[in-house]
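Novice:
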Amino acid sequence: MPISSSAALGEGVCISHPDLVNIYGCRIGDETRVGPFVEIQRGASVGARCKVQSHSFICEGVTIEDEVFVGHGVMFTNDRRPRATSDGGQLLGLDGWTLLRTLVKTRASIGSGSTILPVTIGMGALVGAGSVVTEDVPDYSLVVGNPARVIGDVRTR
Amino acid sequence: MPISSSAALGEGVCISHPDLVNIYGCRIGDETRVGPFVEIQRGASVGARCKVQSHSFICEGVTIEDEVFVGHGVMFTNDRRPRATSDGGQLLGLDGWTLLRTLVKTRASIGSGSTILPVTIGMGALVGAGSVVTEDVPDYSLVVGNPARVIGDVRTR
Amino acid sequence: MPISSSAALGEGVCISHPDLVNIYGCRIGDETRVGPFVEIQRGASVGARCKVQSHSFICEGVTIEDEVFVGHGVMFTNDRRPRATSDGGQLLGLDGWTLLRTLVKTRASIGSGSTILPVTIGMGALVGAGSVVTEDVPDYSLVVGNPARVIGDVRTR
Chain C
156 MPISSSAALG
166 EGVCISHPDL
176 VNIYGCRIGD
186 ETRVGPFVEI
196 QRGASVGARC
206 KVQSHSFICE
216 GVTIEDEVFV
226 GHGVMFTNDR
236 RPRATSDGGQ
246 LLGLDGWTLL
256 RTLVKTRASI
266 GSGSTILPVT
276 IGMGALVGAG
286 SVVTEDVPDY
296 SLVVGNPARV
306 IGDVRTR
Chain E
156 MPISSSAALG
166 EGVCISHPDL
176 VNIYGCRIGD
186 ETRVGPFVEI
196 QRGASVGARC
206 KVQSHSFICE
216 GVTIEDEVFV
226 GHGVMFTNDR
236 RPRATSDGGQ
246 LLGLDGWTLL
256 RTLVKTRASI
266 GSGSTILPVT
276 IGMGALVGAG
286 SVVTEDVPDY
296 SLVVGNPARV
306 IGDVRTR
Chain D
156 MPISSSAALG
166 EGVCISHPDL
176 VNIYGCRIGD
186 ETRVGPFVEI
196 QRGASVGARC
206 KVQSHSFICE
216 GVTIEDEVFV
226 GHGVMFTNDR
236 RPRATSDGGQ
246 LLGLDGWTLL
256 RTLVKTRASI
266 GSGSTILPVT
276 IGMGALVGAG
286 SVVTEDVPDY
296 SLVVGNPARV
306 IGDVRTR
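Protein chains in written order, with the numbering used here: chain C, 156 to 312; chain E, 156 to 312; chain D, 156 to 312.
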């Protein structure tokens, strides 16, 4: 079931290709649009009137507020030291590691091809395409690069 | 319908996994090969004898000439200031923003994992894997990095 | 057939969404878990108790040992000069180019959104999210950036 009944979808949510997504255990707000080849995991929350474009991955621990743009091929993360197995060689499951959280505030935009470490991205901020965000992004700032650095304010340029 | 009837496909186009793509309203030239998990949008144009590898996204406004290699996980873009909603908080649809165009000239190659801002990539140029291309790429040049910079000429190295 | 009978799967391999992958002609070791939107090509080898997360691409020429973590949206490569066609303008097929190999040693972890050129990644090494790995990575080292550089040792930080 590519859209699990465990997902709580708001009114008017549009998932253009329900057979080409993997969406489960998350919340998606009213009127938000989700493209193909997207995974949204259990425990993630996406606000209202957002766009989540194709090929993006939103993991547990990510909260996205309203009117946020998530470009194509954006990868969120929730762990800075990922491992497949424990010291003892057992596969790590739902526990055995520490979940780190990410918050993307209202009206922020994340450009395509970006990778987001567990941070807070401020209100109205713009993450340029192809960025790797390793630190918090202030409200209304424009960040680019790997690692992403502030290069301006979206209100003045 | 993962391959829409609105797509104009040339002779001998090979889409290896028609159930695992989203292709609509675009033109694809003769003998071009397209891998799985690819989206090619309305208004995009891909030439003849190209390879478009898995996980790539080609948006409206992108023109790809003949014999171009598009690696795996390549993200094209058509907007430098993407937003989900208007100032008034309405979801942006097919209008309400300015489409920027990208041209990839004959025999260029774009390495896997690259992100391409709206630019022109010159004939025979090579974009190294994982690059973020923010400016035009001259013919036959080799560019790498984030942002991508010219580091050589493909005819001499 | 998204999971081809030509793939040799070990015991207890878990492919969570068999209709949303493209897996053929490869070997996957016991208990390894594979997410959706993953392609694993002919001739690739993945060890036991690995995690291969969503949106990743593992090509021919890649050998992944046991207990390796491959994050989301990781792109492997096997060619430093990819082209669509020969000098004569014919599409390149299974031959006509030189396969370069990649080895990922036991217990290494590759962060999400990384691109891996044909290299060796050492035992227990950690590739930070969003990295572009262009050179060999020593055992137990932590590398980040584009191009990826060593910034520490995972045993001491």
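Note that CB positions come from ideal geometry on N, CA and C, so glycine has one too. Keep in mind the model is a prediction, meaning the values are calculated, not measured.
Tell me the rounded alpha-carbon separation between K260 (chain E) and G165 (chain E).
Specialist: Their backbone Cα atoms lie some 19 Å apart in a straight line.
Novice: I'd like to confirm the pairing. Which residues does DSSP put opposite S241 (chain C) in its beta bridges?
Specialist: BP columns for S241 (chain C) are empty, so no partner.
Novice: So that I know if they touch, is there some Cβ in chain E lying closer than 9 Å to that of R238 (chain D)?
Specialist: It does: the Cβ of R238 (chain D) has a partner Cβ on chain E nearer than 9 Å.
Novice: Is the number of C-beta pairs between the stretch 183-191 of chain E and the stretch 293-310 of chain C that are closer than 8 Å three or more?
Specialist: Counting Cβ pairs under 8 Å, fewer than three are found: no touch.
Novice: Quick check: is the beta carbon of S286 (chain D) nearer than 9 Å to any beta carbon in chain C?
Specialist: Interface residue, yes.
Novice: In terms of residues, what are the limits of the beta strand (DSSP E) holding E194 (chain D)?
Specialist: Element bounds for E194 (chain D): V193 to I195.
Novice: In the structure shown, what three-state DSSP assignment does D174 (chain D) receive?
Specialist: The answer is helix: DSSP assigns D174 (chain D) an H, G or I state.
Novice: Using 8 Å as the threshold, is the stretch 273-284 of chain D in touch with the stretch 201-217 of chain C, meaning 3 or more CB pairs across them?
Specialist: Counting Cβ pairs under 8 Å, fewer than three are found: no touch.
Novice: Suppose contacts are defined by Cβ-Cβ distances below 9 Å. Is V288 (chain E) in contact with P302 (chain E) by that definition?
Specialist: Their beta carbons are under 9 Å apart, which means V288 (chain E) touches P302 (chain E) by this criterion.
Novice: So with CB distances below 7 Å, who are the chain D contacts of F224 (chain C)?
Specialist: Under the 7 Å cutoff, chain D gives no residues; its nearest Cβ is about 18 Å from F224 (chain C).
Novice: From M230 (chain D) to G248 (chain E), what distance separates their C-alpha atoms?
Specialist: Approximately 31 Å between the Cα atoms of the pair.
Novice: Name the chain C residues whose beta carbon is nearer than 7 Å to that of M278 (chain E)?
Specialist: Neighbours of M278 (chain E) on chain C: none; closest Cβ ~23 Å, over 7 Å.
Novice: I need the straight-line Cα distance from F224 (chain E) to D242 (chain C), nearest angstrom please.
Specialist: Each residue's alpha carbon lies about 42 Å from the other.
Novice: In three-state DSSP terms, what is D308 (chain D)?
Specialist: Looking at D308 (chain D) - three-state DSSP - the assignment turns out to be strand.
Novice: Which runs of the beta strand (DSSP E) fall wholly inside the stretch 201-238 of chain D and span at least 3 residues, in chain order?
Specialist: List check, beta strand (DSSP E) in window: 217-219.
Novice: Would you tell me roughly how many angstroms separate the C-alpha atoms of L255 (chain E) and C214 (chain E), rounded to the nearest one?
Specialist: Between L255 (chain E) and C214 (chain E), the C-alpha separation is close to 10 Å.
Novice: Taking only the alpha-carbon atoms, compute the straight-line gap between T240 (chain D) and L246 (chain D) and give it to the nearest angstrom.
Specialist: Whole-angstrom Cα-Cα distance: 4 Å.
Novice: Answer yes or no: does any C-beta atom of chain D fall closer than 9 Å to that of H210 (chain C)?
Specialist: Yes, because at least one Cβ of chain D sits closer than 9 Å to the Cβ of H210 (chain C).
Novice: Give a yes or no on whether the minimum CB-CB distance between G198 (chain D) and chain E is below 9 Å.
Specialist: No, G198 (chain D) does not count as interfacial toward chain E.
Novice: Less than 9 Å between the C-beta atoms of T270 (chain D) and G228 (chain E), yes or no?
Specialist: It is a contact, given that the beta carbons lie within the stated cut-off.
Novice: Report all residues from its chain with a CB closer than 8 Å to the CB of P273 (chain D); omit the five preceding and five following residues, and keep chain order.
Specialist: Within the same chain, P273 (chain D) has close Cβ partners G216, T232, N233, D234, R235, L255, R256 and T257.
Novice: Would G244 (chain D) count as contacting chain E if we go by Cβ distances under 9 Å?
Specialist: Yes, its Cβ sits closer than 9 Å to a Cβ of chain E.
Novice: What did DSSP end up calling T253 (chain D) once you bin it into helix, strand or coil?
Specialist: DSSP places T253 (chain D) in coil when its eight states are reduced to three.
Novice: Chain D beta carbons: is any one of them nearer than 9 Å to that of N177 (chain E)?
Specialist: No, because no Cβ of chain D sits closer than 9 Å to the Cβ of N177 (chain E).
Novice: May I ask which residues mark the beginning and end of the beta strand (DSSP E) holding L297 (chain C)?
Specialist: Element bounds for L297 (chain C): S296 to V299.
Novice: With the cut-off set at 9 Å, would you say S159 (chain E) and G190 (chain E) are in Cβ contact?
Specialist: Result no, Cβ atoms of S159 (chain E) and G190 (chain E) do not sit closer than 9 Å.
Novice: Just list the residues that DSSP pairs T275 (chain D) with in beta bridges.
Specialist: Beta-bridge pairing links T275 (chain D) to D:L258.
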